[in-house]
Structure formats: structure tokens, C-alpha cells
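> Can you keep this structure in mind? I'll have questions shortly.
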């Protein structure tokens, strides 16, 4: 039976708590068995669960960002929007990294130990490189944008009231969770830098009227650039 009633703030809070808890707990469990891929797998499981949840509520992914793009103009507009997303990701990451370095929180000259442990075998290894590039689009581009922007911002905004300051709080909350999702292998620097990138993408999500397609493209392009640099042994 489909529930078509609009969710209350309390119900939205409970649903948001469930979905975030499932994502975090499933990842912690998977860390014990497939550490390198625990993030993508737990996120995929979470999205499957949430898709079933939305179907029961009579909601669709198109309502929170994966909507059809009518007309050629709407499709072409994705390109400059995605490029702006790329600039936002890179600029936010660099500026946050330099700010943390200036404050003595970390050193930009040192790579977090978990990065080398997780992706060290990408260097010069074409099959592994192609595997991670594929995952960067499937998990990083699609899944992360669907969850951290589409799901978390939409549900958190409902919890906080839906408009004005609620949207600001929703973007900050989603950015915080997004950053925390990278803490386990990037440490404090990854949490803060990725969290700020999440905030920037959250702002663009609202500016683009909750259209996820440009953010998916931007996220996938930046991750591909990063893995290409790892593969070619270039410093970034």
C-alpha cells in the first residue's frame, strides 16, 4: 500500500535517522571484510533500501533530482553547470586544504596515510585504474550525489522546516555527513575538506533547482581527474 500523505517533521526526522544509521552501521560492518570497497557497497545498499521506502511513500527519484530534462536547451545547460561544479569542487578543496595548513591542523605536503593504503595500487596499473574510475562514476558520481545531496538535503530540510534557514541547516548537515564518510581513510583533513566540498555542492544543488545531473557529472569528472593523476604518478 502506498502512503501518499506528506511526512511530518517528526516522521521525517525518524526516517532520516534510520537511513543515516543504516548507511553508517552497514559501512562499519563491511569495513571488517572489504575495507577498500565498504563505502560504495554500503551506499548502494542504503540507496536500494531508500528506493523501496520512497516507492511505499509514493515518491520518486525524479522529485529529488533525477528528473527528465525536457528540450535541447535543458540538456545543453548541464555542461556549463557541470563545469561550474568542477571549479567549485577543486577550489573548495584547495582553499580548505590551505586554510587547514595555515591553522596547523594538517600539512598539505603530507598525504593522509589511508589514501595510499586504499589507492596505492592504482599507480601504473591499468585494470585497477579502470576499476576505480568506473566506481568513481557509479558510486561517487551517481550514488553519492543521490544520497548526500538528493536524499539528505531533501529530508533534512523537511526536518528543519522546509524553507529559508532550514535549507541552510540541511546543506550544512549533509556536508557534515558527507565529510564524515571520508574520515575513515582521509582523517580530519578529509572530513573537513570533503565536508566543505559537500556544502558547495549542496548550494549548487539548490541553485540548480534540485537538479542532480550537473553535480553527478562534476563529481565523476573530478574523481576521474584524481584517479588519472594517481595512475600517472602526478602530484595533485
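Residue numbers (the working numbering): 6 to 241.
In this text, a Cβ means the ideal position worked out from N, Cα and C, and glycines have one as well.
1) Which residue's Cα is closest to the Cα of residue 202: 137, 153, 32, 25?
2) Sorted by chain position, which residues of the same chain lie with C-beta nearer than 7 angstroms to residue 187's C-beta, five sequence neighbours on each side aside?
3) Tell me the residue span of the alpha helix (DSSP H) that contains residue 235.
4) Just verifying my parser: in three-state terms, what is the DSSP assignment at residue 18?
5) Where residue 129 and residue 120 are concerned, what is the direct C-alpha to C-alpha distance, given to the nearest angstrom?
6) Please go through the same chain and pick out, in chain order, the residues whose beta-carbon is closer than 8 angstroms to the beta-carbon of residue 112, but skip the five residues on each side of it.
7) Within 10 angstroms of its Cβ, does residue 141 collect 16 or more other Cβ (buried), or is it exposed?
8) Mind pulling the beta strand (DSSP E) runs of 3 or more residues that sit fully within the segment 70-118?
9) Where does residue 39 fall in DSSP's three states?
10) Look up residue 214 in the DSSP assignment and say whether it is helix, strand or coil.
11) So what's residue 64 in DSSP terms, helix, strand or just coil?
12) Taking the beta carbon of residue 39 as the centre, do at least 16 other beta carbons fall within 10 Å, making it buried, or is it exposed?
13) With DSSP collapsed to three states, give me the class of residue 128.
14) Given a threshold of 16 other Cβ atoms within 10 Å of its Cβ, counted over all protein chains shown, does residue 14 qualify as buried or as exposed?
15) Over what stretch of residues does the alpha helix (DSSP H) that includes residue 154 continue unbroken?
16) Within 8 angstroms, do at least three Cβ pairs link the segment 162-179 to the segment 65-76?
17) Classify residue 228 as buried or exposed, calling it buried when 16 or more other Cβ atoms lie within 10 Å of its own Cβ.
18) In this structure, does DSSP put residue 184 in helix, strand or coil?
19) Among the candidates 115, 101, 211, 94, whose CA atom is the shortest distance from the CA of residue 224?
20) Just to confirm my understanding: we take residue 155, look at its own chain, exclude 5 residues before and 5 after, and list those with CB closer than 6 angstroms. What are they?
21) Between residue 245 and the rest of its own chain, which residues show a CB-CB distance below 7 angstroms, the 5 nearest in sequence each way excluded?
22) Does the distance from the CB of residue 31 to the CB of residue 56 come in under 8 angstroms?
23) Distance check for residue 193 and residue 171, CA to CA, integer angstroms please.
Based on what the coordinates show:
1) 153
2) 195, 196, 199
3) 218-236
4) helix
5) 16 angstroms
6) 106
7) buried
8) none
9) coil
10) coil
11) coil
12) exposed
13) coil
14) exposed
15) Note, residue 154: premise wrong, no alpha helix (DSSP H); not H, not E.
16) no
17) buried
18) helix
19) 94
20) 69, 70, 217
21) Shown here, the chain extends from 6 to 241; a query on residue 245 therefore has no answer.
22) no
23) 27 angstroms
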